[in-house]
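Written out below as structure tokens is the structure these notes cover.
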Amino acid sequence: MADRKRHRPSDRDGKPGTSSAANDQHTNDYTSNFDSLSWDIPRTDMLRATNILRNQLDDDGNSEDEPLLTPEYSHKPVTEKEEGVSARGAWNIAIALVVLSLSTMSYALFNDAFSQWLYVEFEYMVLGSNASFINDSASSNPCIKGNNNSSPWAAELDEAQARASRFNTWAMLISLLPAVITNTLLGAYADRIGRRVLFILPLFGMMTKYGFTSAVAYWKLNVYWALFGTLLSGLSGSMPALFMAIYVYTADNTGHNKSRSFGMVVAQATMNIFYALTHLVVGYFIKGEGYIWPMFTATLVLCLSLLVCVCFLRETLDTSNLGKRASLIQGVKSVFGFYLVKTDNPRYKRKDFLMLGFVFFMYSTCLGVSIQSLYLMNEPLCWSSVKMGNVITFQGLLSSFASLFLMRLIQKIFSDETISIVSLISAGASRFVLAFAVNETMIFVAYTIGMFENLLLPIIRAILSRMVPSDKRGSLFASVAVIEVATLAVAGAGLDALYSLTVDIWHGLTYFVIAICLVLAATVMLLFNIIIKRRQPSGKSIIVIEEKLNDN
């Protein structure tokens with residue numbers, strides 16, 4: 001009869017995530033053990049047992065840390081490390097942050113001046129000569145108080161708000177519908193044409209928009225001519241394309257784990273800081289020079305940003321394999337395949353991408369940036385451009401402090417998924433307070449409660465980037481950019497329309513709806529966190545049976 005022996009490899013012998021070389025070494029160790037017993041085991045049985053063990057080790061080695069869509073990287077970024085940032089990567093990120101800082105300053109300067117100029121233009125359309133009582137030269141004092149502490153032209157001002165909100169709706173649609181196509185095409189070829197193009201194209205389009213709109217304001221043309229500049233910006237991908245560029249570039253130059261999350265938070269914090277500091281200045285700029293010069297200055301700053309990008313920003317993607325160009329259909333499939341195609345990866349599945357995409361969509365839709373100026377400039381607050389700039393600066397610097405100085409501490413305690421939930425709760429609570437705000441104290445309380453919300457988007461991008469290999473990041477972030485475009489379109493067509501319809505009923509109703517949506521997004525993120533934790537792979541024990549056969 002045969003004598004049976006059992007050999008059980010320990011979990012550490014085939015720990016998930018080990019390299020193939022390490023697995024081969026483990027297998028060789030087991031093979032040597034078999035050889036020591038070969039005096040009574042047929043060679044075929046020994047080889048069969050060895051092959052079973054090798055296959056099991058290979059399965060375990062690829063089960064946990066191997067990313068989704070796992071072909072070997074055909075052109076891996078030369079700066080990428082497993083963790084940390086190389087010296088070359090640090091230089092690349094520094095230049096990218098300079099480009100981002102200048103672009104953010106330009107964006108904030110233009111948007112503040114444009115939104116207030118637009119509202120004042122509609123005030124003149126509605127009030128005619130009475131608008132001079134409200135607007136003191138270039139300084140926007142949106143509503144004047146009567147003896148009963150309310151505006152004598154409240155109904156007319158609500159009509160001006162509604163018209164400005166409808167204009168923003170049309171501007172959003174005209175900009176973002178072509179941006180969907182542009183961002184899809186950029187994503188389809190981003191992993192082949194390189195990263196620099198992702199910066200240059202949207203910067204050029206935005207520069208054209210700013211310059212054209214400045215000309216409309218300078219020559220006092222009809223306000224609707226500004227929509228043509230908006231269309232040009234949309235054809236270049238607009239701000240979502242620039243966001244795609246900075247985040248995929250950051251992912252290329254940072255390590256695989258928490259250094260990437262922190263790098264993306266730094267990029268977000270940089271935007272917040274320069275956005276906030278620009279708000280601090282722009283109110284005084286508008287008060288002293290009117291609306292045209294701030295818009296023209298924004299155009300010049302964006303020209304400088306484009307110049308830095310062209311001259312100093314280095315390519316991070318190895319484009320030596322550009323001969324193999326995918327068709328347009330294949331490129332589009334690569335952008336949306338994450339959400340549509342099932343995968344056998346045991347750690348990240350299609351529903352994970354769908355859940356994160358939903359959270360991203362809900363939060364980006366609920367930012368409410370387009371109604372912020374209208375909300376603060378009118379009843380019951382009636383803030384001037386200077387006061388708005390000061391308060392928005394406070395908001396930006398506070399959120400940047402939370403991002404830069406508290407992020408490292410929070411990461412030591414919580415996972416990225418848990419931090420995302422905290423960010424959503426912070427954002428929802430902030431919008432709830434804004435919905436009922438009647439004085440400036442409540443506004444400050446709302447912005448203080450929301451200090452953690454700016455951690456959300458960079459962390460979700462970092463989580464997504466870890467789910468795919470480097471040669472799929474361009475397509476992944478293009479899909480995120482398309483979602484971002486869709487959210488801005490929904491926010492423009494939905495929230496702006498809701499605000500224009502309800503502004504004379506309850507000024508804060510739109511913020512209340514936003515708070516409910518953010519609570520829903522936090523619930524989905526909580527489910528994602530639970531699913532990921534439950535899916536952690538368990539170690540496998542392998543029993544190799546050796547048989548000693550009688551010669552008879």
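Under full-length UniProt numbering, the final residue of the sequence shown carries the number 552; numbering is consecutive throughout.
Beta carbons are placed, not taken as given, at the ideal position from N, Cα and C, and that holds for glycine.
Note that this is a predicted model, so its numbers are computed, not measured.
Query	Result
Do the stretch 279-286 and the stretch 386-395 make contact, defined as three or more Cβ pairs closer than 8 angstroms?	yes
With a threshold of 8 angstroms on Cβ separation, who are the neighbours of H507 within its own chain once the five nearest residues in sequence on each side are excluded?	Y375, N378, E379, P380
From V332, A269, G450, T523, pick the residue whose C-alpha is nearest to that of L97; which is it?	A269
Answer with buried or exposed for C366, where buried requires no fewer than 16 other C-beta atoms within 10 angstroms of its C-beta.	buried
Would you give the residue range spanned by the alpha helix (DSSP H) that residue 553 belongs to?	Absent from the structure is residue 553, since the part of the chain shown begins at 1 and ends at 552.
Under the rule that 16 or more other beta-carbon atoms within 10 Å means buried, what is E440, buried or exposed?	exposed
At the level of alpha carbons, what is the spacing between M467 and A94?	25 angstroms
Would you mind stating whether D504 and D158 have Cβ atoms separated by less than 8 angstroms?	yes
Output needed for S103: all residues of its chain with C-beta closer than 6 angstroms, excluding positions within five of it in sequence on either side, in chain order.	S305
When the Cα atoms are used, what is the spatial distance from G263 to M172?	30 angstroms
Determine the extent of the alpha helix (DSSP H) in which R534 is found, giving its start and end residues.	509-534
State the Cα-Cα distance for the pair I419 and F477, rounded to the nearest angstrom.	21 angstroms
If you draw a straight line from the alpha carbon of G357 to that of V524, how long is it in whole angstroms?	10 angstroms
At 4 residues or longer, and completely inside the stretch 210-294: list those alpha helix (DSSP H) runs for me, N to C.	226-235, 238-252, 258-289
Are Y447 and L498 closer than 8 angstroms when you measure CB to CB?	no
Assign W170 to one of three DSSP states: helix, strand, or coil.	helix
Am I right that A402 and M355 are in contact with their C-beta atoms under 8 angstroms? What's the rounded C-beta distance?	A402 to M355, Cβ: 25 angstroms. No contact.
Classify F296: buried if its beta carbon has 16 or more other beta carbons within 10 angstroms, exposed otherwise.	buried
Could you compute how far the alpha carbon of P178 sits from the alpha carbon of A245?	18 angstroms
Please list, in chain order, all residues of the same chain as N28 whose beta carbon is under 7 angstroms from its beta carbon, the five residues on each side excluded.	With a pLDDT of only 49 at N28, under 50, the local geometry of the prediction cannot be trusted, and no value is derived from it.
What residue range is occupied by the uninterrupted alpha helix (DSSP H) comprising R466?	R466 -> no alpha helix (DSSP H), and no H or E assigned at all.
Out of L424, I463, V480, V445, state which residue places its alpha-carbon closest to the alpha-carbon of I516.	L424
Go ahead and label V223 buried or exposed: buried means 16 or more other beta carbons lie within 10 angstroms of its beta carbon, across all protein chains shown.	buried
Would you mind working out which of T316, R260, F212 sits nearest L457, comparing C-alpha positions?	R260
Going by Cα to Cα distance, which pick from A251, Y284, Y249, T169 is closest to T230?	T169
Quick check: what's the CA-CA separation for S115 versus S165?	10 angstroms
Quick one: what does DSSP say R163 is sitting in, helix, strand or coil?	helix
Considering only the alpha carbon of each residue, which of T502, L526, C309, F167 lies closest to R195?	C309
Going by alpha carbons, who is nearest to W117 out of L501, Y291, V332, V485?	Y291
Taking only the alpha-carbon atoms, compute the straight-line gap between D191 and V301 and give it to the nearest angstrom.	29 angstroms
Shortest alpha-carbon distance to V422 belongs to which of G211, E453, G396?	E453
What does the Cβ neighbour count give for Y218, buried or exposed, with the cut at 16 atoms within 10 Å?	exposed
Hey, out of R535, A429, K349, whose CA is closest to L518's CA?	A429
Using the Cα positions of Y189 and L235, report the straight-line distance between them to the nearest angstrom.	16 angstroms
Can you tell me the Cα-Cα spacing of L68 and M388, whole angstroms?	In this predicted model, L68 has a pLDDT of only 34, less than 50, meaning its place in the structure is not dependable enough to derive any value.
Work out the CA separation of L317 and V513 for me, nearest whole Å.	42 angstroms
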